[in-house]
Amino acid sequence: MPLSRETNIVSGSEFLAAQDRSRGEALLEFTGVSKWYGPVIAVNDVSLRLAPGITGLVGPNGAGKSTMIKLMTGQLRPSLGQVRICGRHAWSAAAKSHIGYCPDVDAFYEDMSGRTFVRTIARLHGFAGGDLSRRVEEVLEQVGMADRAERPLGSYSKGMRQRIKLAQALVHDPDLLVLDEPLNGVDPLGRTELVNVFVALAAAGKAIVLSSHILDEMDQLAQRVAFLCRGHILAAGSLPEIREMLADHPLHVRVSTDRPRELAVRLFGVDCVQSVQLENERELLFQVQRPKEFFRVLAETVAEAGFQVDRVQATDTSAEAIFDYVMQTARHL
Amino acid sequence: MPRHHAQSSLLTTFRGGVHLAALSAWRMLRSRQTLVNALLLAFALLAAGAWSMRHERTAAQFVQEIFLPLYVSFFLPIFSLCYASAGVAGERQDQTLVYLLATPLPRLVIYLAKYLAALVLVSAWNLAGFAALGRLGGAAGWESFQRFWPAVALSSLAYTSLFHVFSVLLHRATIVSLGYALILEAFLGNMPGIIKRLAISYYTQCLVFDAGKNLGLGPAGGRDPALFLPISGDLAQFVLICVSGTLFLVGLWAFCRREYV
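From first to last, the protein sequence lines are chains A and B. Residue numbers are given in my numbering: position 1 of the first sequence equals residue 1, and the series is strictly consecutive. So the mapping is simple: my numbering equals the position in the second sequence, first residue as 1, plus 333.
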């Protein structure tokens, strides 16, 4: 099954996720970027632009997520192509004032307190005097650490350490936040708190790129997702968009109605319905192709015949299910 | 929230660089390297103290028996490598270099800050150690310090530049530097022929011999000057400065280009 650019399911080269900024420069732009380490290609001919909001980089270990992150934060230089932040090469010092980077490594100057660490990074960004103290307190407040930042970093839980990493990334008020596996090893409570922080930052207008190999995280967080595998971007967009684009992959839709048998008979003759199953006395499970067409027909049928519909739910629109589909599709390329 | 985009200005870069230099020096001073250096210095001071308790000696004897074989050939490179090789490599090992590279400080400034921090610590430690050694060595020791501290200062500059390059290029810079100090400096620096000219300690010795001409100083250990092949103090000084400058530029070039992953 071919993947075509027309359907915006891309075979590793294009991900146009955003409009240009007001001055015509993309916040983050990859143009034909490849990166290899000796004979190993880590990122292969990737082009993308980024919009404000939360964008997830998803893929299995070794997919190229960390290399992408390191390229966009100027830790690595592309072997081919260009990575630009607000029009400047990501490698340059000028680009780095636009990026806040929260690395995946759990390393700090361990003898410092959380507040001293954030203060140190702020000073390296050029803050001094009253500005320095004010900004440090602002970001500690923002990540919910203002009252706990005096303790030594060595005594912090994983969640608190992640917050301090986030605070140091935010201290210079960057346009773009790059978070490498930000929820790794964080307990469920801390995870929820951090997710809330990310969502609040995105709502405040920050562009956030976060990488994860845990697909569930993307369901909660990301407004757009790029699926990576073996250095390629396999698909990109919002999860519903990507699912929609996988038109040839059957979608499972559970419909709860007062007359399930009658609805099943009416819809079984429709082209896009592959199978229908009576789950119980009120529920049907449809396997459909071309979900848009199915939902249009379903709506018309329900309206015509006056069905009472309690619930319509697509059961495989999670990031994990979609990623599985994308991977299956990619194997046919 | 107000925007903070003053980072591109020279002033904020300078301020950030100065803070990084101070932070690096403070962290190195509080590291276990200082403990190692203090233990080694205590050993050197014990040796100098024991030497001075014997009957009255001359400055030339102090130089030939304590300063050159003990301090210049062994302790000086070891003291220097403890701080200079930890500058960038220490941050890599602790995985904290990423925070520095993510700031808008140009790599040139990061390198310069790290280099200056190491240079100040190495110079201060080496000169203070030599001063303490001179004090314990009695009048002869103190006279030696007053005459030969410039040689120690220049030697510190050269060692800092060399070990800082190791620090930029190698993940395990301290181990490689230790190998260099023990094999090349202590061993090669005392070999006959011109091969010793690869060792910084050779040029330090030439500076000492030149500055101590009127004390009758010459190659130690009964070596024939014709075998030691000393060069003039001016030339030794020129070589050390050139080597330091070249190594500084090599390290800077490498640091500005290198991908640390």
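Think of the CB as a built atom: it goes at the ideal place given N, C-alpha and C, for glycine as much as any other residue.
Mind checking whether B:ALA486 and B:ALA392 have CB atoms under 8 Å apart? Remark: C-beta atoms of B:ALA486 and B:ALA392 do not approach each other more closely than 8 Å.
Report yes or no: is there a C-beta of chain B within less than 8 Å of the C-beta of A:ARG21? Confidence in A:ARG21 is poor, its pLDDT being 42 and thus under 50, which makes the residue's placement too unreliable to answer from.
Cβ neighbour criterion (16 or more within 10 Å) applied to B:TRP359: Exposed.
Can you tell which of A:SER238, A:LEU201, A:ASP147 and A:LEU183 has its C-alpha closest to the C-alpha of A:SER212? Nearest to A:SER212 by alpha-carbon distance, out of A:SER238, A:LEU201, A:ASP147 and A:LEU183, is A:LEU183.
For A:VAL312, does the three-state DSSP call read helix, strand or coil? Strand.
Through-space distance from B:ARG387 to B:PHE400, alpha-carbon basis: The C-alpha of B:ARG387 is placed about 16 Å away from the C-alpha of B:PHE400.
Which residues mark the beginning and the end of the alpha helix (DSSP H) in which A:GLY190 is found? Element bounds for A:GLY190: 188-203.
Apart from the five residues on each side of it in sequence, which residues of its chain come closer than 8 Å, Cβ to Cβ, to A:GLN223? So the qualifying residues of the chain are GLY53, ILE54, THR55, ALA202 and SER238.
In three-state terms, what does DSSP make of B:ILE564? Coil, per DSSP.
What's the gap between the Cα of A:CYS272 and the Cα of A:ALA299? Cα to Cα, the separation comes out at about 14 Å.
Considering Cα atoms alone, identify which of A:THR67, A:SER256, A:PHE268 and A:LEU176 is closest to A:ARG282. Of the candidates A:THR67, A:SER256, A:PHE268 and A:LEU176, A:SER256 places its Cα closest to the Cα of A:ARG282.
Which of helix, strand or coil does DSSP assign to B:VAL509? Of the three classes helix, strand and coil, the one that applies to B:VAL509 here is helix, per DSSP.
Let me check one thing: in DSSP terms, what residues is B:ARG363 bridge-paired to? In DSSP, B:ARG363 forms no bridge with anything.
Determine the contact status of B:VAL421 and B:THR346, defining contact as a CB-CB distance below 8 Å. Between B:VAL421 and B:THR346, the C-beta spacing is not below 8 Å.
Between which two residues does the alpha helix (DSSP H) holding B:ARG480 run? Unbroken alpha helix (DSSP H) run through B:ARG480: 471-502.
Once the 5 residues before and after A:VAL33 are set aside, which same chain residues still bring their CB inside 8 Å of it? The residues VAL43, ASP45, VAL46, SER47, LEU71, PRO78, LEU80, GLY81, GLN82 and VAL83, in chain order, have a CB closer than 8 Å to that of A:VAL33 in the same chain once the five nearest residues on each side in sequence are set aside.
For a test of the three-state rule: what should DSSP assign to A:LYS35, helix, strand or coil? Secondary structure of A:LYS35 (DSSP, three-state): strand.
Alpha carbon to alpha carbon, how far is A:SER97 from B:TYR416? Their Cα atoms are separated by approximately 30 Å.
Quick one: is B:VAL576 near chain A, going by C-beta distance under 8 Å? No, because no Cβ of chain A sits closer than 8 Å to the Cβ of B:VAL576.
In three-state terms, what does DSSP make of A:TYR101? Of the three classes helix, strand and coil, the one that applies to A:TYR101 here is strand, per DSSP.
Using a Cβ-Cβ cutoff of less than 8 Å, which residues in the same chain neighbour B:LEU454 once the five nearest sequence positions on both sides are dropped? So the list reads ALA358, MET361, LEU362 and TYR416, once near-sequence residues are dropped.
Please confirm whether A:PHE198 has its beta-carbon closer than 8 Å to some beta-carbon of chain B. Judged by the 8 Å Cβ criterion, A:PHE198 is not in contact with chain B.
Reference B:VAL594; option with closest CA among A:GLY100, A:PHE30 and A:TRP36: Of A:GLY100, A:PHE30 and A:TRP36, the residue nearest in Cα terms is A:TRP36.
Please report the straight-line C-alpha distance between A:VAL297 and A:VAL105, rounded to a whole angstrom. In this structure, the straight-line span from the alpha carbon of A:VAL297 to that of A:VAL105 is close to 51 Å.
Take A:GLU193 as the anchor and find which of A:LEU234, A:LYS292 and A:LEU166 has the nearest alpha-carbon. Shortest Cα-Cα distance from A:GLU193 to any of A:LEU234, A:LYS292 and A:LEU166 involves A:LEU166.
For A:VAL171, which residues in the same chain have their Cβ closer than 8 Å to its Cβ, ignoring the five residues on either side in sequence? These residues qualify, in order along the chain: GLY100, VAL118, ILE121, ALA122, HIS125, PHE127, ARG135, VAL136 and VAL139.
In the DSSP assignment, what residue or residues form a beta bridge with B:PHE571? B:PHE571 pairs with nothing; no bridge assigned.
Interface flag, B:GLY522 vs chain A, CB-CB below 8 Å: Taking Cβ atoms only, chain A never reaches closer than 8 Å to B:GLY522, which makes this a no.
Name, going along the chain, the residues of the stretch 423-434 of chain B whose beta-carbon falls closer than 8 Å to a beta-carbon of chain A. Residues passing the 8 Å Cβ filter: ASP427, GLN428, THR429, VAL431, TYR432, LEU433 and LEU434.
6 Å Cβ shell around A:VAL302 - same chain, five flanking residues per side excluded: Here the set comprises VAL309.
Nearest candidate by alpha-carbon position, reference B:GLY512, set B:TRP475, B:SER418 and B:LEU403: The option with the nearest alpha carbon to B:GLY512 is B:SER418.
Listing by chain order, which chain A residues have their CB less than 7 Å from the CB of B:LEU353? By Cβ distance, chain A contributes LEU124.
In angstroms, rounded to a whole number, what distance separates the CA positions of B:ALA587 and A:ILE85? Their backbone Cα atoms lie some 24 Å apart in a straight line.
Contact residues within the stretch 434-463 of chain B, judged by C-beta distance below 7 Å to chain A: Cβ contacts with chain A: LEU434, ALA435, THR436, PRO437, LEU438 and PRO439.
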